[in-house]
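Step one of this worksheet: look at the structure below.
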Amino acid sequence: MKKLTYFPGCSAHGTSEEFDSTLKLVLKTLDVELEDIPDWNCCGATSAHVMTENLALALPLRNLVLAEKLENTTMGIACASCYQRMKVTKVHMDENPELAKRINTTVVEEGTYQGKVDVKSMLQYAYEDIGLEIIKSKVTKPLTGLKVACYYGCLLTRPKNITQFDSPEYPVSMDQICEALGATATEFDYKTECCGASFSISNTEVVVNLSGQILAMAKESGAHAIVVACPLCQSNLDMRQPDIEKLQGIKYDIPVFYFTQLMALAFGYPIDQLKFPKHIVPVEGALANIGKVVPVPEKIKKPIKAVEAESEVK
Amino acid sequence: MARVGVFVCFCGANIADYVDVPQVVEEVKRIRDVKYAIEYKYMCSDPGQGMIRDAIVQYKLTSIVVAACSPRMHEKTFRKALSDAGMNPYLLEVANIREHSSWVHQKDKKAATEKAMDLCRMAVAKSIANEQLHEISVPVTKRALVIGGGIAGIQAALDIADARIPVVLVEKSPSIGGKMAQLDETFPTLDCSQCILTPKMVDVASHPYIELIPYAEVLELQGFVGNYKVKIKKKASYVNFKTCTGCGACWQKCPVKVPNEYNMGIDKRKAIYTPFPQAVPNKPVIDAEHCTMLLKGKCGICAKVCLPGAIDYKMEDEIIEREIGAVVVATGYDMWDPKPYEEYGVGRFKDIITSLEFERMVSANGPTNGVPVRPSDGKVPKNVVFIKCIGSRDEAKGIEYCSKICCMYTTKHTILLHHKVHDSHSYVFYMDIRAAGKGYEEFVKKAQVDTGATYLRGRVSKIYKKGDKLMVRGEDAQIGQVVEVEADLVVLATAVIAPKDNPDLARLLGISYDKYGYLSEAHPKLRPVETAKAGIFLAGCTQAPKDIPDTVSQASACAAKVCGLFSGDTMKKDPMVSTISNEYCSGCQNCVKVCPYGAIVTDEVPVGHGSKELRTVAKINEGVCQGCGSCVAICRSMAITLAGFTDPQIINEIVSI
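Those protein sequences? They're chains L and W, same order as listed.
Going by numbering that gives the first Met the number 0, the first sequence opens with residue 0, and the numbers climb by one from there.
Going by numbering that gives the first Met the number 0, the second sequence opens with residue 0, and the numbers climb by one from there.
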């Protein structure tokens with residue numbers, strides 16, 4: 000059995016409880032044991048780093064230092080925002096010894112940062128450390144027929160020099176995981192556009208506008224559902240969908256799943272364990288596509304007629 | 000007893016503003032050996048030089064010190080003034096009180112003046128030990144090597160050959176013509192590229208003074224200016240050019256299809272091919288990477304259909320040598336691969352193409368017979384978005400510099416599109432329109448009016464697919480808003496980059512290159528076609544991005560330089576070279592190792608006078624020696640002397656301050 004240090008973050012205990020609980024189901028199947036960081040604290044998220052650099056780095060640093068007390072070499076983080084803060088702090092600590100020394104004095108009671116623990120998002124962990132082959136081998140109920148638009152948001156793969164994972168503009172890791180589960184990932188050009196993030200509370204209009212475009216493109220791509228790996232993306236796309244539909248006058252009915260929910264479904268867990276009632280947009284319509292025969296895509300038309308070499312011969 | 004004359008220059012205000020020149024003159028006059036000292040506003044001017052000439056005669060001076068700018072600037076000027084007055088020119092010393100004092104100590108006039116005095120004292124002391132030196136004559140091989148057969152190489156070769164100097168033109172691909180042969184029409188006059196280029200290509204092939212070696216590479220260059228020896232690898236073409244008539248039966252019947260480089264991979268060529276119908280020489284070669292006969296030993300169709308029996312599957316690479324006196328490097332450029340623009344979906348969307356691909360499509364001899372089409376479905380596009388600065392001026396993804404030609408060729412493309420598809424519309428996203436050149440701004444203005452193209456100042460941030468259209472989202476900075484354009488086809492004006500082989504070639508030739516891979520000129524303004532290595536010249540985009548007029552001008556300039564170099568039977572060379580005393584040389588050969596020019600070899604001399612026993616000593620080829628002094632510093636037995644920088648001269652300098 001593999002062990003993994005786990006940083007759930009605050010949303011796992013609230014808005015994204017279904018992410019947390021399905022992640023645990025999936026990792027059970029994949030034979031990975033989660034170890035919570037003892038006495039973990041808030042990552043600081045968006046509030047800390049707009050105020051002071053010191054606080055923005057010290058909060059995640061405390062978690063990093065505490066994580067080093069466990070024996071595992073990797074920390075998995077469910078929330079994209081927590082992951083971003085933790086990874087940024089790690090990169091700063093590793094690359095700037097002077098800064099590292101200064102910040103470390105604020106968490107001196109917990110210990111000295113040594114840089115032993117790698118920080119990964121759960122998506123990255125599933126893709127890199129577990130791998131598509133193993134995920135595929137655990138599938139008992141393939142999601143054949145379900146077309147999904149994989150939406151990564153802004154934080155999971157960017158900025159590239161910090162995250163060092165997948166493409167910053169057109170990532171494919173989640174698409175490949177969904178394909179491994181038997182689903183079809185659509186060609187979706189809005190996978191890294193902004194959903195409006197925390198403006199959901201302070202300026203809802205922004206989120207309705209931006210998330211509305213993402214929904215429109217997902218529908219355009221032919222997806223039955225959107226798959227995400229970030230609690231804020233999920234809540235914006237799911238919770239704000241009725242507002243968006245009202246504004247645009249279009250009925251979308253596109254449920255927004257965490258990729259772990261689909262993994263758990265494909266691994267054969269019963270539906271009542273997947274927390275679907277927590278969704279605002281009902282999931283039944285989309286899930287009804289599973290098992291249906293996918294129509295063969297229209298044949299790509301013959302590419303441009305090039306003048307063949309023969310005709311150039313005198 | 001030495002009689003030194005010192006001439007201190009104001010250099011207008013360059014020196015005089017920061018160095019108290021009259022005070023320097025007064026101080027210099029106190030030196031025992033100085034018999035004459037004077038200041039003047041511009042010592043390099045004719046009256047200034049006249050002062051030197053007159054003083055030499057009047058005061059019977061034995062050596063001259065000029066305290067002025069860097070010797071790199073005017074040493075030659077002042078040496079000439081000395082010889083005009085009947086004095087050996089190497090009795091001159093230059094004290095650099097501009098670059099070494101006034102320019103770098105502008106905040107402290109007192110210190111700058113004191114430093115200028117020290118520099119003058121050193122120069123006076125050194126000049127006392129100066130000896131009369133005489134220029135060295137080296138024989139010249141009057142034959143030039145031109146590397147690269149694009150328009151730069153073609154022009155240089157023709158100009159040199161027209162002066163009845165033999166030229167060896169080496170081209171790596173099967174035909175000369177280069178990138179210009181791929182172009183449809185050329186800005187700003189829209190004359191057909193093929194029409195103006197192909198006659199020149201034919202001239203090269205038929206010129207009695209040009210030896211054209213296609214499908215070949217330079218392997219090695221040895222020797223020194225006027226006396227180089229070059230090794231050239233003629234790649235196996237598997238076709239005997241002497242018997243081949245170029246009938247085309249072979250490439251007609253060849254069953255192997257390969258993406259056609261000439262048409263940017265839009266169509267296919269055969270494994271035995273000529274790059275394009277107007278190729279020079281118009282003889283095919285076999286692409287060994289794809290020919291089934293060469294790979295698996297099966298097929299052999301081309302040999303069967305070849306009536307003159309010109310196909311030879313057993314042909315091997317051949318290495319030939321030529322003796323030459325000068326080299327013109329004209330290896331051209333490459334186009335940048337826009338792959339890093341992931342947000343545009345480059346590689347995912349078929350209907351995003353590069354400018355050179357568009358150029359091939361609108362070319363009359365192109366893969367689509369001159370009609371632009373969408374690669375995805377073959378339809379003729381109506382709305383075409385052109386995006387400039389793809390890779391250029393982009394430190395994050397591409398390179399920092401401006402590629403110079405993209406503004407102009409994109410303007411040309413809007414015109415060509417307008418000509419070929421009358422109901423089309425062009426949108427151009429740009430950062431700036433850089434149209435500096437004769438007739439260029441007028442060309443852009445006229446194109447904007449004639450085509451009605453929409454120019455949007457701003458960067459494109461994203462391209463996504465909607466149905467079969469591409470949605471191009473960018474900023475229109477002039478209205479401060481995000482705009483979206485529905486496009487049938489997107490054309491990326493990709494950056495001009497240095498050929499990837501340039502660094503290897505530079506090392507092989509012993510010349511330098513910059514961080515981008517462009518070959519470096521000797522001086523950015525005053526020696527733009529020479530390299531730092533004597534006898535090697537640069538033409539065209541291998542030095543920096545250029546348009547055709549600039550390229551041709553530089554190529555002709557190279558030709559003039561080569562002709563000048565070959566104007567006499569021998570070449571004059573500075574006498575500042577090292578000599579080795581056999582008596583002191585212990586034969587350790589450390590000097591051989593440190594010499595950066597390969598000027599030192601070993602020799603055998605008798606151990607004693609009349610002895611038959613031999614011992615090894617070092618020997619310097621004064622034609623190759625550049626006078627850097629590395630050997631002098633490394634020599635343990637102090638056997639090496641560098642003329643113009645002898646130990647007494649250096650010691651005098653040190654003792655004087």
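All residues carry an ideal CB built from backbone N, CA and C; glycine is no exception.
{"Query": "Determine whether the beta carbon atoms of alanine 309(W) and aspartate 286(W) lie at a separation below 8 angstroms.", "Result": "no"}
{"Query": "Among Gln193(W), Val471(W), Phe644(W), which residue has its Cα nearest to the Cα of glutamate 485(W)?", "Result": "Val471(W)"}
{"Query": "Ordered along the chain, which non-local residues of its own chain (more than five positions away) have a Cβ less than 7 angstroms from that of threonine 473(W)?", "Result": "Note that residue 473(W) is glycine in the sequence shown here, rather than threonine. If we look at glycine 473(W) and ignore the five residues flanking it on each side, its Cβ neighbours are Phe428, Leu455, Gly457, Arg458, Val459, Ser460, Val482."}
{"Query": "What whole-angstrom Cβ distance do isoleucine 398(W) and proline 337(W) have, given they're in contact under 8 angstroms?", "Result": "Not confirmed; about 12 angstroms, so no contact."}
{"Query": "Using a Cβ-Cβ cut-off of 8 angstroms (strictly less than) and excluding sequence neighbours within five positions of isoleucine 164(W), which residues of its own chain qualify?", "Result": "Lys141, Arg142, Ala143, Tyr208, Val561, Cys562, Phe565"}
{"Query": "At the level of alpha carbons, what is the spacing between lysine 300(L) and glycine 377(W)?", "Result": "Residue placement at lysine 300(L) is flagged as unreliable, the pLDDT there being 48, under the threshold of 50; a coordinate-derived value is accordingly withheld."}
{"Query": "Fully enclosed by the segment 207–279 of chain W, which beta strand (DSSP E) runs are 3 residues long or longer?", "Result": "209–212, 215–223, 226–233, 256–258, 267–269"}
{"Query": "When DSSP labels each residue in this structure, what does cysteine 660(W) get in the three-state scheme?", "Result": "Because chain W spans 0 through 656 in this model, residue 660(W) falls outside it and cannot be assessed."}
{"Query": "Report yes if the C-beta distance between threonine 21(L) and alanine 217(L) is below 8 angstroms; otherwise report no.", "Result": "no"}
{"Query": "Near alanine 265(L), what residues of its chain come up, given a Cβ to Cβ distance below 7 angstroms and the 5 sequence neighbours on each side ignored?", "Result": "Val138, Lys140, Pro141, Leu142, Leu180, Gly181"}
{"Query": "Roughly how many whole angstroms lie between the Cα atoms of cysteine 229(L) and cysteine 149(L)?", "Result": "11 angstroms"}
{"Query": "Quick one: give me the first and last residue of the beta strand (DSSP E) that glycine 473(W) is part of.", "Result": "468–475"}
{"Query": "On the DSSP bridge assignment, give the partners of alanine 325(W) in chain order.", "Result": "Ala143(W)"}
{"Query": "Closest Cβ-Cβ distance between glutamate 342(W) and chain L: below 8 angstroms?", "Result": "yes"}
{"Query": "Find the residues of chain L that neighbour lysine 465(W), judging by a C-beta separation of less than 7 angstroms, and give them in chain order.", "Result": "Glu219"}
{"Query": "Assuming contact is defined by CB atoms lying nearer than 8 angstroms, are glutamine 57(W) and leucine 90(W) in contact in what I supplied?", "Result": "no"}
{"Query": "The beta strand (DSSP E) that contains lysine 465(W), what's its start and end?", "Result": "459–465"}
{"Query": "I'd like to know whether the C-beta of glutamate 127(L) is nearer than 8 angstroms to at least one C-beta of chain W.", "Result": "no"}
{"Query": "Can tyrosine 41(W) and glycine 49(W) be called in contact, C-beta distance under 8 angstroms?", "Result": "no"}
{"Query": "Answer yes or no: does any C-beta atom of chain W fall closer than 8 angstroms to that of serine 166(L)?", "Result": "yes"}
{"Query": "Aspartate 188(L) CB to nearest chain W CB: under 8 angstroms?", "Result": "yes"}
{"Query": "For chain W, find out if any of its Cβ atoms is closer than 8 angstroms to the Cβ of tyrosine 169(L); answer yes or no.", "Result": "yes"}
{"Query": "Does DSSP put glycine 539(W) in a helix, a strand or coil?", "Result": "helix"}
{"Query": "In this structure, does DSSP put leucine 29(L) in helix, strand or coil?", "Result": "coil"}
{"Query": "Let me know the secondary structure DSSP gives glycine 75(L) once reduced to three states.", "Result": "strand"}
{"Query": "With a floor of 4 residues, list each alpha helix (DSSP H) that falls wholly inside the segment 279–326 of chain W, ordered by position along the chain.", "Result": "291–295, 300–304"}
{"Query": "Below 8 angstroms on the Cβ atoms is my contact criterion, and I expect tyrosine 124(L) with threonine 72(L) to pass it. Report the Cβ-Cβ distance as a whole number of Å.", "Result": "The Cβ separation is near 12 angstroms, so there is no contact."}
{"Query": "Restricting to Cα atoms, I'd like to know which of Ile176(L), Val207(L), Ile213(L) is closest to glycine 130(L).", "Result": "Ile176(L)"}
{"Query": "Pick out whichever of Val226(L), Asn160(L), Ser136(L) has its Cα sitting closest to the Cα of valine 171(L).", "Result": "Val226(L)"}
{"Query": "In three-state terms, what does DSSP make of serine 80(L)?", "Result": "helix"}
{"Query": "What distance in whole Å lies between the Cβ atoms of alanine 492(W) and phenylalanine 385(W), which are believed to be in contact at a cut-off of 8 angstroms?", "Result": "6 angstroms"}
{"Query": "How would you call arginine 61(L), buried or exposed, if buried means at least 16 neighbouring beta carbons within 10 angstroms?", "Result": "buried"}
{"Query": "For arginine 614(W), name the three-state secondary structure that DSSP assigns.", "Result": "strand"}
{"Query": "Please say whether serine 629(W) and valine 593(W) have beta carbons closer to each other than 8 angstroms?", "Result": "yes"}
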